[in-house]
Amino acid sequence: MLQDKTIKLTDKKRNALTIKLDKRKRKQEGLKRHIDNGTIPSIIFGTKRMFYKKCKGTITNEEWKACRNNHIYSRGDKTKNGNPNLRVVIIKGMSFLEISTLEKTDTNRAIKIRIPLYIPQKLSKKTGKVNGINYREMFLNYLKYGEAYQVEIIRRNNKYYVHITFEEYVSNISDKSSTERIGIDTNSDGFAITAIDNKGNYKWHSYLSNHELLYSRSNRRRNLCGELVKEVIASALEKNLKLAIEDLKFKDDRDVTVNLLE
Numbered sequence: 001m002l003q004d005k006t007i008k009l010t011d012k013k014r015n016a017l018t019i020k021l022d023k024r025k026r027k028q029e030g031l032k033r034h035i036d037n038g039t040i041p042s043i044i045f046g047t048k049r050m051f052y053k054k055c056k057g058t059i060t061n062e063e064w065k066a067c068r069n070n071h072i073y074s075r076g077d078k079t080k081n082g083n084p085n086l087r088v089v090i091i092k093g094m095s096f097l098e099i100s101t102l103e104k105t106d107t108n109r110a111i112k113i114r115i116p117l118y119i120p121q122k123l124s125k126k127t128g129k130v131n132g133i134n135y136r137e138m139f140l141n142y143l144k145y146g147e148a149y150q151v152e153i154i155r156r157n158n159k160y161y162v163h164i165t166f167e168e169y170v171s172n173i174s175d176k177s178s179t180e181r182i183g184i185d186t187n188s189d190g191f192a193i194t195a196i197d198n199k200g201n202y203k204w205h206s207y208l209s210n211h212e213l214l215y216s217r218s219n220r221r222r223n224l225c226g227e228l229v230k231e232v233i234a235s236a237l238e239k240n241l242k243l244a245i246e247d248l249k250f251k252d253d254r255d256v257t258v259n260l261l262e
């Protein structure tokens, strides 16, 4: 049956977490004082670490200027179809970043340049599909409605990276029950089980393992999995827990390797 497991911390780990908590509390108190006094905390463009290096003379003036001018940020605007200065456009299935420059034409319009933009999408080697949320497809659909999105260009090691932030539509589905629910993650040798409350807070975890799953034949393995599932369901019914499971669809469970000789 499922058993609750509390996290055991070593003294070293507990002290490290305590120091981190105290640091965050001091930072929270400092920010609260600024809010109460209506002030803004001081900041250093280029990071404090690089500023101290500049004061000690361990970096050149060019390096200091480079770290202070390695970010470009543009806030989104729905009335201007997404983002007025750093706009993502799709042309013939290819994505580009359209940048408004300081140069202007005779008609007093800013000259725009377009550079190719790669929007990453990692496909599973096993299924050929995206694991989890398909943010690439979500953002491309988001562009069709002209909603506002934020764009930040970051220069790092002589390469340019683009960070795009947009709002994700929130589902209206909610669970107001006070019952805990358990999530199940399937592994090669058993089930990993984690319980949370109705607000998503961690409660406890457990692991049901059977090492025979690693070497059993297909029929035997299917039977062992069924026994584990039966044990989970019985415990969930006994403790009045809700279940959340993965919906996995594989193209081929037996062999996912590629034969390069074929």
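Numbering (our numbering), first residue to last: 1 to 262.
Just so it is clear, CB atoms sit at the ideal spot from N, CA and C, and this is done for glycine as well.
Given the structure is predicted, the values throughout are model-derived calculations rather than measurements.
**Prompt:** Is the Cβ-Cβ distance between residue 148 and residue 78 less than 8 angstroms?
**Reply:** yes
**Message:** Less than 8 angstroms between the C-beta atoms of residue 245 and residue 184, yes or no?
**Reply:** yes
**Item:** Cα-Cα separation, residue 192 to residue 88
**Value:** 41 angstroms
**Asked** Looking at residue 94 and residue 120, is the spacing between their C-beta atoms short of 8 angstroms?
**Response** no
**Asked** Tell me which same chain residues have a C-beta within less than 7 angstroms of the C-beta of residue 44, skipping the five on either side of it?
**Response** 51
**Spatial neighbours of residue 257 in its chain, beta-carbon cut-off 6 angstroms, leaving aside the 5 residues before and after** = Since pLDDT at residue 257 reaches only 46, below the 50 mark, its modelled position is unreliable, and the value read off the structure follows with that caveat. Within the same chain, residue 257 has no close Cβ partners at all.
**Entirely enclosed beta strand (DSSP E) segments - the stretch 69 to 120, minimum 3 residues** = 71 to 74, 86 to 91, 94 to 104, 110 to 116
**Prompt:** Can you list, in chain order, the stretches of the beta strand (DSSP E) that have 3 or more residues and sit fully within the stretch 199 to 227?
**Reply:** 202 to 209
**Asked** Hey, how far is the Cα of residue 64 from the Cα of residue 158?
**Response** 15 angstroms
**Request:** Specify, as a first and last residue, the run of the beta strand (DSSP E) that residue 185 falls within.
**Result:** 181 to 187
**Prompt:** For residue 263, does the count of other Cβ atoms within 10 angstroms reach 16, so buried, or fall short, so exposed?
**Reply:** With the chain covering 1 to 262 only, the question about residue 263 has no answer from this structure.
**Euclidean distance between Cα positions of residue 114 and residue 131** = 31 angstroms
**Request:** Look up residue 238 in the DSSP assignment and say whether it is helix, strand or coil.
**Result:** helix
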